[in-house]
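These notes concern the structure reproduced below.
Residue numbers (the numbering used here), protein chains in the order written: chain A, 2 to 261; chain B, 13 to 611.
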């Protein structure tokens with residue numbers, strides 16, 4: 002009798018899991034339909050409708066670099082370069098090494114008013130950043146795990162082998178593997194913190210006075226126009242401290258920007 | 013000689029005459045505007061001999077005199093072509109009886125039995141000015157040397173004051189005069205700033221005509237007629253016209269005897285200026301993108317030189333725009349040719365005449381292009397968009413669509429040669445964003461594998477697996493060590509048992525078994541002591557291991573000695589009981605010695 006009860010308990014749990022899985026499957030199928038419908042609208046040049054559909058999918062709590070990329074494309078085609086830039090930036094954040102995203106972002110940036118010359122970074126730093134963002138987070142994560150298991154295997158070999166030569170070899174290789182694992186882990190965590198921090202933003206107001214202090218009475222330093230990508234370095238009440246790619250910094254009202 | 017010339021003259025007269033007499037013209041002339049009570053002349057001119065002139069009804073006019081007939085004939089030879097004209101004129105003097113506009117109907121005349129009718133005339137009769145219209149000469153003015161403004165002035169007139177940009181306004185400069193104009197010395201015209209202007213061709217000679225202005229009759233001369241095409245919007249002011257006129261004026265000197273008989277005339281310079289006028293230019297309504305800039309009414313025709321050619325043969329497509337409007341300012345319509353055609357700039361040719369109604373004429377655009385590669389191409393219709401000011405709308409005329417078939421060239425054309433030696437760059441037809449992606453990897457927001465629980469769990473699982481493995485290994489090593497220790501402890505016991513077994517063989521006298529037992533006892537002892545499998549033990553290995561286990565050299569030598577003796581004796585025939593006993597004793601001694609030295 003008790004045995005029977007146990008079996009029922011087991012199976013009902015299994016059934017519940019299956020049902021949840023199916024339900025989520027159904028939901029994602031509906032979302033996929035929405036996405037293909039949106040793509041279809043884009044193909045027939047109904048960009049406004051496509052924008053609405055893509056935004057609906059995002060509103061349902063889904064995201065992917067492709068989704069943001071397509072939404073950015075639709076905005077670009079509808080003539081809204083600023084929102085195209087916002088969505089391309091979001092897509093780029095998820096897939097830093099995607100060539101299409103970078104190309105379209107560059108093209109959308111040619112449509113904005115300000116021509117801001119990006120400050121050249123030191124060569125090493127630029128190389129380092131390029132290296133980190135050359136792959137996606139999941140790539141770094143998987144690589145870190147794989148190299149960690151390689152380290153474990155080699156270290157195990159070091160522990161269990163009797164041959165002195167094998168021990169020495171496996172030890173050094175295991176150290177190397179651990180080093181790579183840690184490096185890729187740090188790359189991944191850098192990307193992830195970037196992803197979660199939301200410290201990049203795009204100016205969305207047509208023309209914004211950048212002030213020297215976080216108040217309306219602050220001295221006006223310069224004017225930026227919509228579409229410029231800025232870095233947020235500080236925050237105070239309704240104001241954010243923005244840093245432009247050309248090195249200029251100042252305070253801007255938080256409702257003049259949209260965070261990436 | 014003379015007779016011959018005379019004869020020729022007669023011949024010319026005889027045969028030349030009929031040729032010129034065939035066209036009979038009968039015209040009626042009178043001033044357009046007359047004052048009430050003014051005498052004026054109504055003249056009929058006939059270039060043939062006519063009879064029975066019938067006057068139209070002239071009830072509104074008083075016939076004061078007429079008809080007085082006169083005849084003139086002329087004969088001329090110009091460049092060997094002779095012409096003769098005869099002219100009969102009938103003159104009436106009339107006087108208008110009342111104000112108004114009156115039509116004098118056509119008169120008729122009989123020429124050689126044929127009835128010819130003249131034109132009809134419209135005469136306007138206005139109220140006369142207070143000044144008595146005396147003879148041909150004006151009365152002396154009160155202030156000699158000056159001409160009153162009401163007697164001589166110039167006006168710049170526009171046919172309308174509101175136009176669309178690009179449409180035309182006709183500006184007419186007229187001089188109104190009641191005085192005796194002798195000529196013009198200097199005419200300064202406004203520069204029509206803001207307009208593109210085109211003069212209407214007028215007769216060289218300025219002829220004065222009678223016209224009424226403010227109820228008075230003036231002799232009016234049209235000096236200039238210009239078509240103005242505004243190039244900017246808003247209110248544009250056209251500046252003044254300034255004319256220096258020479259007026260013949262009668263001067264009255266102190267009365268002398270001769271004055272009554274001879275009038276004194278003097279040429280007086282009078283400067284007249286017109287008032288500036290303004291015109292309001294309205295901008296064109298927002299138009300389509302391919303608006304050509306043409307304003308007016310136009311027609312479009314298109315033609316093409318060839319529709320079937322070989323590679324690199326030139327084709328010319330010609331668009332003809334005909335109509336009325338700002339022809340000279342029309343831009344060439346854009347021709348959308350297939351991308352790899354070589355296209356040259358269109359050749360533009362315009363031909364127009366300026367009339368009071370605007371610019372009439374045509375403009376042609378010739379597009380020369382070379383199809384570079386074989387194939388079938390379509391040249392879509394060209395849209396010519398123009399603004400029609402009369403309807404206030406844009407109108408579009410489309411040309412024909414042309415289909416062009418291009419055959420492969422014979423290979424000698426330059427393009428083919430070029431294509432062998434130099435590759436063509438990819439032609440960028442337009443810059444556009446890249447297309448959307450269709451392969452989706454949708455994830456719920458915030459689900460990143462990196463840093464997730466499972467992610468860290470993977471590491472943890474790996475570490476714990478290794479740890480577990482290591483612990484297991486350690487345990488096994490410990491266990492193995494225990495086995496070895498046990499074996500070590502039991503080693504001498506086992507060895508002694510084997511030696512005892514040898515002893516039993518000794519007593520039975522089986523030599524081979526005895527030696528074998530001794531050897532086994534020794535090897536087994538070493539194997540257990542040093543935890544080395546028996547199979548791996550050799551004489552040399554045993555020696556080195558014993559050295560490692562700190563056995564003395566003498567003992568090792570004795571050990572080797574026993575092993576060697578046993579190996580040798582095992583296969584030697586015939587047993588020696590005494591010798592076996594010796595070896596047995598020696599073996600027992602070495603064993604106990606070894607047990608002491610090795611641990």
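Backbone N, C-alpha and C fix where the C-beta goes; we use that ideal spot for every residue, glycine too.
Cα-Cα separation between residue i and residue j, rounded to whole angstroms
| i | j | result |
| --- | --- | --- |
| residue 245 (chain B) | residue 199 (chain B) | 28 Å |
| residue 452 (chain B) | residue 67 (chain A) | 6 Å |
| residue 486 (chain B) | residue 504 (chain B) | 28 Å |
| residue 169 (chain B) | residue 186 (chain B) | 8 Å |
| residue 415 (chain B) | residue 386 (chain B) | 13 Å |
| residue 128 (chain A) | residue 121 (chain A) | 12 Å |
| residue 546 (chain B) | residue 553 (chain B) | 11 Å |
| residue 524 (chain B) | residue 502 (chain B) | 26 Å |
| residue 8 (chain B) | residue 166 (chain A) | Residue numbering for chain B in the displayed model covers 13 to 611; residue 8 (chain B) lies beyond these limits and cannot be assessed. |
| residue 160 (chain B) | residue 90 (chain B) | 48 Å |
| residue 349 (chain B) | residue 464 (chain B) | 58 Å |
| residue 470 (chain B) | residue 176 (chain A) | 19 Å |
| residue 592 (chain B) | residue 601 (chain B) | 14 Å |
| residue 176 (chain B) | residue 394 (chain B) | 25 Å |
| residue 117 (chain A) | residue 92 (chain A) | 22 Å |
| residue 59 (chain A) | residue 82 (chain A) | 19 Å |
| residue 373 (chain B) | residue 342 (chain B) | 12 Å |
| residue 153 (chain B) | residue 66 (chain B) | Confidence is the limiting factor: at residue 153 (chain B) the pLDDT is only 47, short of 50, which leaves the residue's position unreliable and the question unanswerable from this model. |
Residues that residue i contacts on chain B, provided the C-beta gap is smaller than 8 Å
| i | result |
| --- | --- |
| residue 101 (chain A) | 446, 449 |
| residue 65 (chain A) | 452, 453, 454, 455 |
Residue i (DSSP reduced to helix, strand or coil)
| i | result |
| --- | --- |
| residue 516 (chain B) | helix |
| residue 74 (chain A) | helix |
| residue 220 (chain B) | strand |
| residue 356 (chain B) | coil |
| residue 33 (chain B) | Residue placement at residue 33 (chain B) cannot be trusted, given a pLDDT of 46 that sits under 50; what the coordinates show is reported in the next sentence. Residue 33 (chain B): helix per DSSP, three-state reduction. |
| residue 89 (chain A) | helix |
| residue 452 (chain B) | coil |
| residue 61 (chain A) | coil |
| residue 245 (chain A) | coil |
| residue 172 (chain A) | helix |
| residue 328 (chain B) | strand |
| residue 256 (chain B) | strand |
| residue 99 (chain A) | coil |
| residue 187 (chain B) | strand |
Cβ-based burial, residue i [other Cβ within 10 Å; buried from 16]
| i | result |
| --- | --- |
| residue 434 (chain B) | Low local confidence applies: a pLDDT of 48 at residue 434 (chain B) is under 50, so the model's placement there is unreliable, and no value is given. |
| residue 609 (chain B) | exposed |
| residue 212 (chain A) | buried |
| residue 426 (chain B) | Because the pLDDT of residue 426 (chain B) is 49, which lies under 50, any placement of that residue in the model is unreliable, and the question is left without a value. |
| residue 149 (chain B) | Confidence is the limiting factor: at residue 149 (chain B) the pLDDT is only 45, short of 50, which leaves the residue's position unreliable, though a coordinate-based value still follows. Per the 10 Å Cβ criterion, exposed. |
| residue 73 (chain B) | buried |
| residue 1 (chain A) | No information on residue 1 (chain A) is available, as it lies outside the stretch 2 to 261 that chain A covers here. |
| residue 466 (chain B) | exposed |
| residue 139 (chain B) | exposed |
| residue 491 (chain B) | exposed |
| residue 408 (chain B) | exposed |
| residue 542 (chain B) | buried |
| residue 173 (chain A) | exposed |
| residue 104 (chain B) | buried |
Contacts that residue i makes with chain B (C-beta to C-beta distance below 7 Å)
| i | result |
| --- | --- |
| residue 77 (chain A) | 445 |
| residue 62 (chain A) | 456, 457 |
| residue 71 (chain A) | 448, 449 |
| residue 189 (chain A) | 462 |
Contact list for residue i against chain A, beta-carbon separation under 7 Å
| i | result |
| --- | --- |
| residue 461 (chain B) | 139, 142 |
| residue 481 (chain B) | 157 |
Partner residues on chain A for residue i, Cβ-Cβ distance less than 9 Å
| i | result |
| --- | --- |
| residue 470 (chain B) | 146, 149, 150 |
| residue 478 (chain B) | 153, 154, 156, 157, 160 |
Proximal chain A residues relative to residue i, where beta-carbon distance stays under 8 Å
| i | result |
| --- | --- |
| residue 467 (chain B) | 142, 146 |
Closer than 7 Å: residue i CB and nearest the ligand PLP heavy atom
| i | result |
| --- | --- |
| residue 189 (chain B) | The ligand PLP is not part of this structure, which contains no ligands at all. |
Interface partners of residue i on chain B, CB under 9 Å
| i | result |
| --- | --- |
| residue 108 (chain A) | 443, 444, 445, 446 |
**Prompt:** What are the start and end residues of each continuous beta strand (DSSP E) run of 3 or more residues lying completely inside the stretch 185-224 of chain A, in chain order?
**Reply:** The beta strand (DSSP E) runs lying completely inside the stretch 185-224 of chain A and spanning 3 residues or more are 201-204, 208-212, given in chain order.
**Prompt:** In chain order, which beta strand (DSSP E) runs of at least 3 residues are fully inside the stretch 363-423 of chain B?
**Reply:** Here the runs fully enclosed are 370-383, 387-391, 395-400, 405-410, 414-419.
**Message:** So within the stretch 507-573 of chain B, which uninterrupted alpha helix (DSSP H) runs reach at least 4 residues, ignoring any that extend past its ends?
**Reply:** Along the stretch 507-573 of chain B, the alpha helix (DSSP H) occurs as fully enclosed runs of 4 or more residues at 523-542, 551-560, listed in sequence order.
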